[in-house]
Structure formats: C-alpha cells, structure tokens
Amino acid sequence: MLLLTCPCCGVSAEETEFAPGGEAHLRRFGPGSSDREFESYMFQRKNPRGVHFERWRHAYGCGKWFLAARCTTTLEVFATYPAQTPEPSAELIAKIREKRPDWEGTQ
Amino acid sequence: MKRYSAFAIAREAFRQHSGWQRAWASPEPRDAYEVVIVGAGGHGLATAYYLGKRYGITNVAVIEKGWLGGGNTGRNTTIIRSNYLQDPSAAIYEKSRALYETLSQELNYNIMFSPRGVMMLAQTEHEKRGYLRTERANALQGVETRFIQPAEVRRLVPIINIHGPRYPVLGALWQERAGTARHDAVAWGYARACSAMGMHIIEQCAVKGVESADGAVTAVNTTKGRIACSKLGIVVAGHSGALADMAGFRLPVESVALQALVSEPIKPCMDVVVMANTVHGYMSQSDKGEMVIGGGADGFNNYTQRGSWHHIEETVRALVETFPMISRLKMLRQWGGIVDMTGDRSPIISKTPLGGCFINCGWGTGGFKAIPGSGWAMAELVAKGEPGPLAAEFALARFREGRFIDESVAAGVAH
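Encoded structure:
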C-alpha cells in the first residue's frame, strides 16, 4: 500500500484516498504547435524504471492537486510538493541523488 | 527434435523415461545474428517462430533477461477471445484465436487450448446496448458472437446470480469458440519449435544498450557480451519504455501493475469464462479447480510486479454479488505483472525511429490472447521491413496522426 502526504492539507493517508494523475512537469503544447510537439505532450511518456515525478489529487480529502517524486520499482516516496512547482527543486534533486546515486536525472 | 506422440510415451514407458530430450537448447550467444528478438515471452517467441516458418529466417537469437515465459506470459488469466469492436483489433485477435485452435498440432506440443466459451455480462442497459452493437460489428468482421438472454446465461452458468440487487444480469455477449489455454505451454511450445529450427534462446541475458550507426541498429550490448544484428525486435511488454530509451526514442506507453488471484481448488462448477465488466472482474475455473480471478490495474506507474491490495478487495467484493458462492472460498495465491498501457489502449506493432529496429508492445491487459497473431504480424514486419495488413493500423504514427484504435477496453474491462 502506497502512503502519501498531501502538501496542501498535511494529511498522510493510504493511496485509496488519492487519485493518480500521471506524469508531472509535462510541457504543454496547444494550438499552433507542430504535430510532433502535440504528440509528445499528449502521449509520449518517460515511464522510467526508477525515479518518477507525478501528479496526484487528494480526491477523498482536501481535493487539491499536488506533485510527488516516487520510485516506481520500490514505491518509495521521496517527497510531495505543491502543484504550482514548474520543475523539481534543486533540494529535491539533491535529496533523490543521495538515495539513488545512479539516477540519471530528470532528462 | 523427437516428436511427441502416443508411441513415444509407450516407448519411454519401457525404458524408465530415459529418452526424453530437453525441449529447447541453452546455447552461449554467438557474436552476430541476422535478427535479435529481445524478450522470450509468448510474443517474442511467436515472432521468432513465424520468422523461421513463414520467411525462412532462422539465424535468430531470442534473448531474455529472466527466464523463458516468466513475465506476463506466466502471469495472465489465460483467456482467449476476439470479440472486439474496432476492425483492426477484431482482425488481429481473430487471427490469433484461429491460430490457437490448431497450435497444439502445429507445434506438436499440447497447449491445452480449451474453447469453452467466453461470456461478457451486460449488467446495465447501457452495457447491453454496447454489446448489441459489438455483436453486429463482429458479424460484419466475421467473428462469431451472439447476444444471449438471461435465461441462457443461467443455463450456461448455474452458479450465477441473475437478480443481483445493484447489477442484475440483462444478457451477455457470448463467443462460443473463445476459451482458455495453458499459458506456460504456449511459450514452451514455441520455444521448442524455435530451438528445433536452430534458433538460439538465451536466458539470463539482460540488454544494457543498443548500438547504432547511420541511423540503423548494429548491435545490442548485453550482460553476456555484444551481439551484432542487422534487425532488432523489441518485444518486452512492461519494460518497453526502458528498451525504447536505450534505442533512443520515447513511447506512448505507461507501465502499471495488473493483478490476478486464484482461490483454493474446488470441484467443477463453471465451464465457461465469465467477464463482468461493469463491476470490473472476470472469472474462470482452471483444470485444477481453482477459480481464476482478474480485476483492475493500478492507476500509477509501477514496476514492482505486485499491485495494491485494495484492487483485489474491490474485484472480489464486486464478483461476490454476481457469484455468491465464492464468498466462502479462500484465496490461494495472488500475483502481479507489469502491463504496458498505450494512449488508446491498443497495441503497437511498428517500425521505430531507429532503422532496422521494430517494436511490438502496448498489449496492456490483454496480451496472452494475441500471442500467435501478434507473432504472425510482427514476423512479417521484421522480415519485410514493412507492416502487413494485420499490423499496418497498429503503427506508432497513429498517435501523431490521430488515427486511434480506441478500444479503451483492452481486456474488455474499462481500465
């Protein structure tokens, strides 16, 4: 069972209280973009074996969206942070590197 | 390869079974092959088999990180059906089902195909209308299905509760020629046939990187050394994203865990496969007597080969209403597999941005039923370099061009 802490209301709960929302920090493309850019935004995903940045919603709690950094092979949650964060902070990346020295980074 | 036959059993009975051969060889890899297939699951082995059988290409290695058939081939609920709505899906799944019918004879290996019939319950008016539409579509596609009334459902499945309080059974889409097969045996049978054609099946050999020159693949680097190849087929289901990353492209795929479970074995009580898609569960009885139950997938990316407990709880809770007698059964085993879900929930059999590199993935929650047809179509793509009629619609480019094959029900279940 995955345990998450909502950064908005501070509640820690099991995954059944949250709704997953897929990969975070996607670059959005809309009208006027090329087909390739739109495809990358709509469909193409990193789908990493390891560190994954993702969106969650505290569906059965405060209802707010937030972001999480999580390992997809161990389910370890490195941190949860506000949805208004455009990219993972340097501190978060340093924290993940400490636990996953082999991690190739966000690219 | 010695053929299996009644005569062979009698002969071995007289010499303490000392004459049986290994079903497939375990050679060390050569430096180079014409074709390297990554992934010795059902789809990878079927691809290799049809490469040899239909196109005469036998200079082939099938390399596997773990053990043969140890991924989703050995983790599914063994259901075979082809009652899909969209034409491209119906074509490839029906091809697959038809190949399954004679696969035991063709491979000289008993895959225990059991055409016991698959029933998809309609438990809301909306679902009933949907299945009536699928029945008409299937008639046009040449797939034999029929919408049956509750009384016939009851006759075929005596243990079912037709008058459930929330979800009464209003009828069902019935495919009589669908059924189940022994999942491991499908992989083993193909492996034995590939080995007999001189192909190399190399287990415990993980791919670490893909080499290319001038935009075309030249070799794969593995834990057993560098293996040169002029064509590469990636057939690794849940780990497709990782392999695509090595080959330098990205896929419209996310990997999630899908679970199944079996009950303790009981006496025969249900001789068809029943899928209840509104309540999100499906059930059949194995030859050993276990009730085999499958349900929903996790909603988040997951490579752990185990799922969340609450999915089991939800699936079983829903099925208990339709099958009240299972409420007293004990669960014997539960397991998970990593399934590769695409944006439109339909598979990908396609060329890739890397020359000579082909990918077969995205079967999501419904790959087992497709093994022979998928291998058939993938072998044609690898051999000719261009997709044949079965694979053409499943190209990667469909996501950019907006030509989705929108089943969104890869297992007939709304994942």
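Protein chains in written order, with this note's numbering: chain A, -5 to 101; chain B, 102 to 516. All C-beta atoms in this analysis are idealised placements derived from N, C-alpha and C, irrespective of residue type, glycine included.
- Taken atom to atom, the span from the alpha-carbon of Met347 of chain B to that of Val417 of chain B is near 40 Å.
- Only those residues of the stretch 27 to 60 of chain A whose C-beta falls short of 9 Å from the nearest C-beta of chain B are listed: Asp29, Arg30, Phe32, Glu33, Ser34, Met36, Phe37, Gln38, Arg39, Lys40, Asn41, Pro42, Arg43, Gly44, His46, Glu48, Trp50.
- In the same chain as Asn322 of chain B, and ignoring 5 residues on each side of it, the C-beta atoms closer than 6 Å to its own belong to Lys309, Gly310, in chain order.
- The residues Cys0, Pro1, Cys2, Arg49, Trp50, Arg51, His52, Thr74, Tyr75, Pro76, Ala77, in chain order, have a CB closer than 8 Å to that of Phe60 of chain A in the same chain once the five nearest residues on each side in sequence are set aside.
- Not a single C-beta of chain A is nearer than 8 Å to the C-beta of Phe248 of chain B.
- Annotation: Cβ neighbours of Ala343 of chain B in chain A (cutoff 9 Å, chain order): Asn41, Pro42, Arg43.
- Not flagged as an interface residue toward chain A: Thr453 of chain B, since no C-beta distance is shorter than 8 Å.
- Assignment of Phe60 of chain A by DSSP, reduced to helix, strand and coil, places it in the strand class.
- For the 8 Å CB-CB criterion, Pro353 of chain B and Arg278 of chain B do not form a contact.
- Under the 8 Å criterion on CB atoms, Ser447 of chain B is classed as non-interfacial with respect to chain A.
- A distance below 8 Å between beta-carbons, with the five flanking residues on each side excluded, links Pro488 of chain B to the following residues of its chain, in chain order: Ile450, Ser451, Lys452, Ala478, Glu481, Leu482, Phe495, Ala496.
- The contact set of Leu86 of chain A on chain B, defined by CB atoms closer than 8 Å, is empty, because the minimum CB distance reaches about 18 Å.
- Boundaries cannot be given for Ile506 of chain B, as no alpha helix (DSSP H) includes it and DSSP labels it neither H nor E.
- Scanning A:Phe72, A:Thr67, A:Ser83 for the CA closest to the CA of Asn403 of chain B turns up A:Thr67.
- In this chain, the alpha helix (DSSP H) harbouring Leu420 of chain B covers 410 to 423.
- The DSSP-derived three-state label of Lys470 of chain B is helix.
- When C-alpha distances from Glu33 of chain A are compared across B:Pro128, B:Val421, B:Asp445, B:Glu414, the shortest belongs to B:Asp445.
- In terms of Cα proximity to Leu241 of chain B, the closest of B:Trp410, B:Pro189, B:Glu422, B:Pro266 is B:Pro189.
- With a minimum length of 3 residues, the unbroken runs of beta strand (DSSP E) contained wholly in the stretch 10 to 58 of chain A fall at 13 to 17, 45 to 51.
- Between the stretch 159 to 175 of chain B and the stretch 296 to 304 of chain B there are three or more inter-stretch CB-CB distances shorter than 8 Å, so the stretches are counted as touching.
- Excluding residues up to 5 positions away in sequence, Glu135, Val136, Leu152, Ala484 lie with their Cβ nearer than 7 Å to the Cβ of Ile158 of chain B in the same chain.
- Take the alpha-carbon of Trp125 of chain B and the one of Cys295 of chain B: they are about 8 Å apart.
- Secondary structure remark: continuous alpha helix (DSSP H) runs of at least 4 residues inside the stretch 319 to 388 of chain B, in chain order: 341 to 348.
- Note on geometry: alpha-carbon atoms of His264 of chain B and Trp289 of chain B lie some 43 Å from one another.
- DSSP places Phe72 of chain A inside the beta strand (DSSP E), whose first and last residues are 71 to 76.
- Burial is judged here by how many other beta carbons sit within 10 angstroms of a residue's own beta carbon; Cys462 of chain B has at least 16 and is buried.
- Phe424 of chain B is not a Cβ neighbour of Ile180 of chain B, given a cutoff of 8 Å.
- Residue environment: Ala18 of chain A is assigned as buried (16 or more neighbouring CB atoms within 10 Å of its CB, all protein chains considered).
- Taking 3 residues as the shortest admissible run, the stretch 424 to 482 of chain B contains the following complete beta strand (DSSP E) segments, listed from N- to C-terminal end: 432 to 443, 449 to 452, 458 to 462.
- Counting only runs of at least 3 residues, the stretch 153 to 194 of chain B fully encloses the following beta strand (DSSP E) elements, listed from N- to C-terminal order: 161 to 164.
- Between the stretch 432 to 440 of chain B and the stretch 353 to 365 of chain B, the count of Cβ pairs shorter than 8 Å is three or higher; the stretches touch.
- Between the alpha carbons of Asn184 of chain B and Ala7 of chain A lies a gap of roughly 40 Å.
- Spanning the alpha carbons of Ala320 of chain B and Pro80 of chain A requires a straight line of approximately 39 Å.
- Chain B has no Cβ within less than 8 Å of the Cβ of Thr74 of chain A.
- Within the stretch 397 to 423 of chain B, those residues whose Cβ lies closer than 7 Å to any Cβ of chain A are, in chain order, Gly400, Phe401, Asn402, Asn403, Tyr404, Thr405, Ser409, Trp410, His411.
- Ala358 of chain B counts as buried, since at least 16 other C-beta atoms from the protein chains shown sit within 10 angstroms of its C-beta.
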